[in-house]
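Engineer: Count along the sequence shown starting at 1, add 20, and that's the number in my numbering. Just so you know, even glycine gets a beta-carbon here, dropped at the ideal spot from N, CA and C. In this text, all values refer to a predicted model and were calculated from it rather than measured experimentally. Mind looking over this structure? Questions follow.
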Amino acid sequence: MSANTLTGLIPTILEALDIVSREMVGFIPAINRDANASRAALSQVIRSPVTPAIVGVDIAPANVSPETAGLTIGSVDIAITKSRAFPFNFRGEEVMGLSDSPVVAPYSTIKRDLIAQALRAAVNEIEADAAALVRQASRAFGTAGTTPFATAGNMADVAQSLKILQDNGTPMTDLRGVLNTTSSANLRGIQSSLFRVNEAGTADLLRDGTIGRLMGFGFGESAGLSTFTKGTMTNALINSAAMAVGTTSLVFDTGTVGATGFLAGDIITIGSDTNKYIVKTGAATATGTVVIQEPGLRIAAADNATITVGNNYTPNALFHKGAFQLVARAAALPEEGDAAIDRISIVDPVSGLPFEFSVYKQYRQVRYEVALAWGVAAVAPRHSAMLLS
């Protein structure tokens, strides 16, 4: 049997691409794409080095060079963790029925819309995976359950998030912000200085709804930012007098665990310290260690200081582009190929991802498939901040 080609299907695919993004996609274009990890196999780990801070020493002239203290080089693992297909199929009788029906949309229209739905599902799943990385940010600002930007003429929510990044030593280039749609609605509707052309200097927000740049951040929106349900740990107290500034592993006791204990992603405060730390590694025991995200404590924690878990929240993210990584490539094929009669790759213009379209001829039916392999990782949590809502 001679091979078919997808040449005739390309217009249908391109037409579908125009309507792929029905939900907001903000993270996929905002975070880094790792070209080295994209060559990895499924579940194969790519180790990205993380260098520690350098401590200065006094210069003391001598006839030999002084001994240099050793450094511990850390690492962050990146891997392609998902290889997913988003398929649909048609049987011969179904195609005939669609072609002959005067009241049902023609086969080509339904096929176009199913391609759009497959792309939509793929992009939304990848976006949700990327958006979940904000739960690994360094610290948080704002009040859980309270939508930011609620006071006209007050941009403290962006300013304080920027302060977190500045305090952490984040490079001030390539800053990105991704908001949930409730937060962005406040920004558009309440912050009049952004939509008054004489004050904003542009009509982009007023005419097109484009937020654009604020305080160095290029803003986008995401439908993938979901509500986080807090852990159930209560009554936990710091159980050490040596919790210095920069500590990330917090020893505690007297905790009441409840159903889950401390969860990764919980927002915690410690004693009178108003900084809102984000839990990296939780604990489900009354006595143990809970790990917070780097760069750790901003204020030393006293023995018996209360560890308080914050409320449920829906996050917003403000970060340097390099804080988060997305690895995406076409799904792997054996050297001999597979049973597809043909396939083609087209880059989605909204997300920038390389989707692969395949056609499989089967017994009196045909299967269409949209496929992609991907993985995400927070490689520099210290360069990201969470804005609560």
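#1: Between ARG278 and the rest of its own chain, which residues show a CB-CB distance below 6 Å, the 5 nearest in sequence each way excluded?
#2: Start and end of the alpha helix (DSSP H) containing PRO49?
#3: If I follow the unbroken beta strand (DSSP E) through ILE290, where does it start and stop?
#4: Give the secondary structure of VAL154 by DSSP, where H, G and I count as helix, E and B as strand, and everything else as coil.
#5: Once you ignore the five residues that flank ARG155 on each side, which residues in its own chain have a CB closer than 8 Å to its CB?
#6: Measure the C-alpha to C-alpha separation of ALA80 and ALA89 and round it to an integer number of angstroms.
#7: Looking at the structure shown, is GLN211 part of a helix, part of a strand, or coil, going by DSSP?
#8: What residue from ASN332, SER292, GLY281 and ASN324 has the CA that sits closest to VAL311's CA?
#9: Could you have a look at GLU113 and say whether DSSP puts it in helix, strand or coil?
#10: Could you pull out every residue in the same chain whose Cβ sits closer than 7 Å to the Cβ of GLU314, ignoring the five residues on either side in sequence?
#11: For the beta strand (DSSP E) containing ASP187, list its first residue and its last residue.
#12: Can you tell me whether DSSP reads THR326 as helix, strand or coil?
#13: Which term fits ALA397, buried or exposed, when burial requires 16 or more other beta carbons within 10 angstroms of its beta carbon?
#14: Just mark SER41 as buried or exposed, buried being the case when its beta carbon has 16 or more other beta carbons within 10 Å.
#15: What number of angstroms, rounded off, separates the C-alpha of ALA261 from the C-alpha of ILE288?
#16: Can you tell me whether LEU185 is buried or exposed? The criterion is at least 16 other CB atoms within 10 Å of its CB, across all chains shown.
#17: Tell me whether SER365 sits in a helix, a strand or coil according to DSSP, three-state version.
#18: Taking a contact to mean a Cβ-Cβ separation below 7 Å, would you say ALA105 touches GLU389 in this structure?
#19: Could you work out which residue in LEU317, GLY209, PHE237 and ASN295 is closest to MET192 when comparing CA atoms only?
#20: Which of helix, strand or coil does DSSP assign to ASP194?
#21: Our contact map puts LEU118 next to PRO126 with C-beta atoms below 8 Å; I'd like the distance itself, whole angstroms only.
#22: Here's a check: name, in chain order, each residue in its chain whose Cβ is nearer than 7 Å to the Cβ of TRP394, leaving out the five neighbours to either side.
#23: Please state the DSSP three-state secondary structure of TYR383.
#24: Going along the chain, which residues of its own chain have a beta-carbon closer than 7 Å to the beta-carbon of GLY46, five neighbours each way excluded?
#25: Who are the Cβ neighbours of ASN331 in its own chain at under 7 Å, not counting the five residues just before and after it?
#26: Which same chain residues end up closer than 6 Å to LEU62 when comparing Cβ atoms and leaving out the 5 residues on each side of it in sequence?
#27: If you draw a straight line from the alpha carbon of ILE361 to that of VAL379, how long is it in whole angstroms?
#28: Look up ALA321 in the DSSP assignment and give the residues it is bridged to.
#29: When the distance is taken between beta carbons, is LEU153 closer than 7 Å to ASN200?
Structural biologist: According to the data block:
#1: Residue 278 is actually Gly in this sequence, not Arg. The answer, listed in chain order, is THR252.
#2: 47–50
#3: 287–290
#4: helix
#5: PHE248, ALA284, GLY285, ILE298, PRO335 and MET406
#6: 15 Å
#7: coil
#8: GLY281
#9: helix
#10: SER158, THR268, PRO401 and ARG402
#11: Note, ASP187: premise wrong, no beta strand (DSSP E); alpha helix (DSSP H) at 176–187.
#12: strand
#13: buried
#14: Confidence is the limiting factor: at SER41 the pLDDT is only 47, short of 50, which leaves the residue's position unreliable, though a coordinate-based value still follows. Looking at its Cβ environment, which holds 16 or more other Cβ atoms inside 10 Å, SER41 is buried.
#15: 19 Å
#16: buried
#17: strand
#18: yes
#19: PHE237
#20: coil
#21: 6 Å
#22: ILE100, LYS102, ILE146, LEU346, VAL347 and ALA348
#23: coil
#24: VAL198, GLY240, GLU241 and SER242
#25: ALA164, GLY165 and LYS250
#26: ILE100 and SER103
#27: 6 Å
#28: MET263
#29: no
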